[in-house]
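Residue numbers for the sequence shown follow the UniProt record's numbering, so the first one is 1 and each next one is one higher.
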Amino acid sequence: MTSILETARQWADHDPEPATRAEVESLVEAQDEETLRTLFAGPLSFGTAGLRGTLGPGESQMNRAVVIRTTAGLMDVLNKQVDVPKVVVGCDARHGSAAFHRDVADVVAAAGGHALVLPPQNPTPLTAFTVRELGADAGVMVTASHNPPQDNGYKVYLGGRVVEGDGQGVQIVPPFDSEIAAAIAAAPPADQVPRDAANGPGKVEEVDTRERYLSRIQERASEGPRDLRITLTPMHGVGGDLALKALEAVGFTEVELVAEQAQPDPNFPTVTFPNPEEPGALDCAFAAAQETRSDIILALDPDADRCAVAIPTDSGWRQLTGDETGALLGDYLARDGGVLANSVVSSRFLGRIAQARGAQWRTTLTGFKWIARTPNLTFGYEEAIGYCCDPEAVADKDGISAAVTVACLAAELKSAGKNLQDRLDELASELGTYKTKPLTFRFDDITQIAPTLEQILQSPPESLAGSPVLRASDMSKGYQGLDPTPGLVLETEANDRVIIRPSGTEPKLKCYLEVVREGVVDWADAEERLDRIAVELKRELGL
Numbered sequence: 001m002t003s004i005l006e007t008a009r010q011w012a013d014h015d016p017e018p019a020t021r022a023e024v025e026s027l028v029e030a031q032d033e034e035t036l037r038t039l040f041a042g043p044l045s046f047g048t049a050g051l052r053g054t055l056g057p058g059e060s061q062m063n064r065a066v067v068i069r070t071t072a073g074l075m076d077v078l079n080k081q082v083d084v085p086k087v088v089v090g091c092d093a094r095h096g097s098a099a100f101h102r103d104v105a106d107v108v109a110a111a112g113g114h115a116l117v118l119p120p121q122n123p124t125p126l127t128a129f130t131v132r133e134l135g136a137d138a139g140v141m142v143t144a145s146h147n148p149p150q151d152n153g154y155k156v157y158l159g160g161r162v163v164e165g166d167g168q169g170v171q172i173v174p175p176f177d178s179e180i181a182a183a184i185a186a187a188p189p190a191d192q193v194p195r196d197a198a199n200g201p202g203k204v205e206e207v208d209t210r211e212r213y214l215s216r217i218q219e220r221a222s223e224g225p226r227d228l229r230i231t232l233t234p235m236h237g238v239g240g241d242l243a244l245k246a247l248e249a250v251g252f253t254e255v256e257l258v259a260e261q262a263q264p265d266p267n268f269p270t271v272t273f274p275n276p277e278e279p280g281a282l283d284c285a286f287a288a289a290q291e292t293r294s295d296i297i298l299a300l301d302p303d304a305d306r307c308a309v310a311i312p313t314d315s316g317w318r319q320l321t322g323d324e325t326g327a328l329l330g331d332y333l334a335r336d337g338g339v340l341a342n343s344v345v346s347s348r349f350l351g352r353i354a355q356a357r358g359a360q361w362r363t364t365l366t367g368f369k370w371i372a373r374t375p376n377l378t379f380g381y382e383e384a385i386g387y388c389c390d391p392e393a394v395a396d397k398d399g400i401s402a403a404v405t406v407a408c409l410a411a412e413l414k415s416a417g418k419n420l421q422d423r424l425d426e427l428a429s430e431l432g433t434y435k436t437k438p439l440t441f442r443f444d445d446i447t448q449i450a451p452t453l454e455q456i457l458q459s460p461p462e463s464l465a466g467s468p469v470l471r472a473s474d475m476s477k478g479y480q481g482l483d484p485t486p487g488l489v490l491e492t493e494a495n496d497r498v499i500i501r502p503s504g505t506e507p508k509l510k511c512y513l514e515v516v517r518e519g520v521v522d523w524a525d526a527e528e529r530l531d532r533i534a535v536e537l538k539r540e541l542g543l
């Protein structure tokens, strides 16, 4: 068996990046086996979400060597499918993104591909858009989305001649993930992967599709009032410039960027965690919006594929949940019918809206790699503030087009003397009050999660908040026609629903609670019931 010191030494010998090579060599010289075991705990896992991990040396972290070998594996798969694969390459502004961006393009071209390289520091939706717009066979986006500053990632789309139909320009799904993972494992050491793009059989071409992307948003925006004061924050990410231009292109003239968060900064200095859903993440936006007396806050995450919405109330600013914004957008975009879709953990309210508007409703597994594959999709969303408002153009969540669509809806409501909360109240009065709440439990040991799930599946609670539990469904055996996935569903006589599923990447159980009330709209009553269910669920889980 190769010792950890020898494994690390061999890696360092083939690392093309002097800085990470020196780090490993220093640890080998110091015989720091404990740290080295962390850096070489197995290759960073490549799955349907691509790669995501902490920046640093070694096979278990994000670095140039890992990116180079990953791209070599991707190209091996693509070259077996088509001649001269066309690959869009984009990146955000995170630490390491620019170097990874260059490496991906160089490896693609040296392997005989045609690298279509977007300008650096651009949003994830632009990469997804460009894959479809240019008919590319694949797309690589270097990003870790809303992860902490020390992380980066690698996201893959397929299209063009590689996939057909509804999979065009969508994130990869099985079996492509395992095929690419196997090819990565078989790739040579990083310094032996060809990267001489200038003398390789392929080519590198710089492309810029930003104007086409903006034109598409402008074409799709509904006509109507534009009197709306908007506070916009890109959360130190790369979406500010395009989002501002998109809003201006459709006619919004009163848009204020949150100054402290307007420019890309990979350190995300004003937030503890660069995720608009996190408590405190919108504090700067709240302060700016209060000063300008804005009608709405639109907050993008760092790679601009998600959008949070906040509105003023008598007691201060309130951030809408992903399900609330999803309901508003679904109702708005399904006025002429169509097909609506959301993930199984998202609210069932979208189905009620679809029924009332003469639209179809589809439920999918979690993730836009599934939502965006819905045939003839009009609008799709998931509760984690991800929205797909123009599936024909961007087959993924797109925070910028969502921000524009929300702004158009809010402006229409304002012209009628209403706001987004008024519209939520109207929908609840017409179709029922649907209220959701997320709940997360962290475990010290990830191996504790499966037994906890099994225990509650075998002995589900008899009731929740006073209502008998009618069904406890094991999602690993399939649920409502979906493919098997880890998790369970509890459904009560009162139409409450609880979905419990493992995080997949962290030692967490994620719970999705929903209550439904008919008749008089009483949000406080629904919230109180959610709180009761949360307390009882925690007790049932023994946490």
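The C-beta atom is built at its ideal place from N, Cα and C for all residues, glycine as well. On a predicted model such as this, the values are computed, not experimentally measured, just so you know.
Look at the Cβ atom of residue i, then the Cβ atom of residue j, and state whether they are nearer than 8 angstroms.
i, j, result
"residue 552", "Gly380", "Past the boundaries of the shown model lies residue 552; the chain is included only from 1 to 543, so the question cannot be answered."
"Pro484", "Ile449", "no"
"Thr378", "Leu333", "yes"
"Val107", "Gly58", "no"
"Asp151", "Leu44", "no"
"Asp323", "Glu383", "yes"
"Gly135", "Ala128", "no"
"Gly159", "Asp191", "no"
"Leu282", "Glu256", "no"
"Ser343", "Ile371", "yes"
"Val250", "Val406", "no"
"Ala308", "Arg318", "no"
Between which two residues does the beta strand (DSSP E) containing residue i stretch?
i, result
"Gln168", "First-last for Gln168: undefined, no H or E at that position."
"Gly316", "316–319"
"Ile500", "497–502"
Between which two residues does the alpha helix (DSSP H) harbouring residue i extend?
i, result
"Ser415", "399–415"
"Lys477", "First-last for Lys477: undefined, no H or E at that position."
"Leu78", "64–81"
"Phe286", "283–292"
"Phe379", "Here Phe379 belongs to no alpha helix (DSSP H); instead the beta strand (DSSP E) covers 379–382."
"Ile297", "Segment 296–300 is the beta strand (DSSP E) holding Ile297; no alpha helix (DSSP H) there."
"Val131", "124–133"
"Lys155", "Premise fails: Lys155 lies in the beta strand (DSSP E), 151–158, not in any alpha helix (DSSP H)."
Going by alpha carbons, who is nearest to residue i out of the options?
i, options, result
"Glu248", "Val258, Arg471, Val238, Asp227", "Asp227"
"Leu78", "Val89, Gly113, Ala105, Ser97", "Gly113"
"Pro120", "His101, Ala109, Ala136, Leu134", "His101"
"Thr292", "Gly316, Ala262, Arg229, Ala304", "Arg229"
"Lys477", "Leu488, Arg471, Leu470", "Leu488"
"Thr20", "Ala128, Asp92, Val66, Ile456", "Val66"
"Cys388", "Phe176, Asp137, Arg220, Arg69", "Arg220"
"Ile180", "Leu509, Thr70, Leu543", "Thr70"
"Gly386", "Gln355, Lys418, Asp303, Lys414", "Asp303"
"Arg132", "Asp83, Ala393, Thr7", "Ala393"
"Ala465", "Glu540, Asn419, Ile217", "Glu540"
"Gly96", "Pro149, Thr130, Glu254", "Pro149"
"Gly326", "Pro123, Asp241, Leu420", "Leu420"
"Phe268", "Glu454, Thr452, His236", "His236"
"Gly367", "Glu493, Val345, Ser401, Trp11", "Val345"
With a threshold of 16 other CB atoms inside 10 Å of the CB of residue i, please say whether the residue is buried or exposed.
i, result
"Asn199", "exposed"
"Ala186", "exposed"
"Pro266", "buried"
"Gly153", "buried"
"residue 546", "A query on residue 546 cannot be resolved here, the shown segment of the chain reaching from 1 to 543 and no further."
"residue 563", "Residue 563 cannot be examined here, being either before or after the span of the chain that is shown, 1 to 543."
"Lys86", "buried"
"Asp422", "exposed"
"Arg52", "buried"
"Gln261", "buried"
"Ala246", "buried"
Can you list, in chain order, the residues of its chain with a C-beta nearer than 7 angstroms to that of residue i? Leave out the 5 residues immediately preceding and following it.
i, result
"Gly224", "Cys408, Ala411, Glu412"
"Leu513", "Thr436, Lys437, Leu439, Val498, Leu530, Ile533, Ala534"
"Arg373", "Asp166, Gly167, Val170"
"Phe252", "Arg226, Leu228, Ile230, Ala407"
Excluding the 5 residues preceding and the 5 following residue i in the sequence, name in chain order all residues of the same chain whose CB lies nearer than 8 angstroms to its CB.
i, result
"Asp444", "Pro507"
"Leu5", "Val28, Gln31, Glu33, Leu36"
I'd like the list of long-range same chain contacts for residue i, defined as Cβ closer than 6 angstroms, with 5 residues on each side in sequence excluded.
i, result
"Asp76", "Ala183"
"residue 591", "What the structure shows of the chain is the stretch from 1 to 543, and residue 591 is not part of that stretch, so it cannot be assessed."
"Asp398", "Pro125"
"Val173", "Thr48, Lys369"
"Gly330", "Leu340, Leu350, Ile353, Phe379"
"Ala289", "Thr231, Ile297"
"Glu17", "Arg64"
"Thr433", "Arg517, Val521, Ala526"
"Asp83", "none"
Residue i: beta carbon under 7 angstroms from a heavy atom of the ligand COA?
i, result
"Asp425", "For the ligand COA, the structure offers nothing, since it holds no ligand at all."
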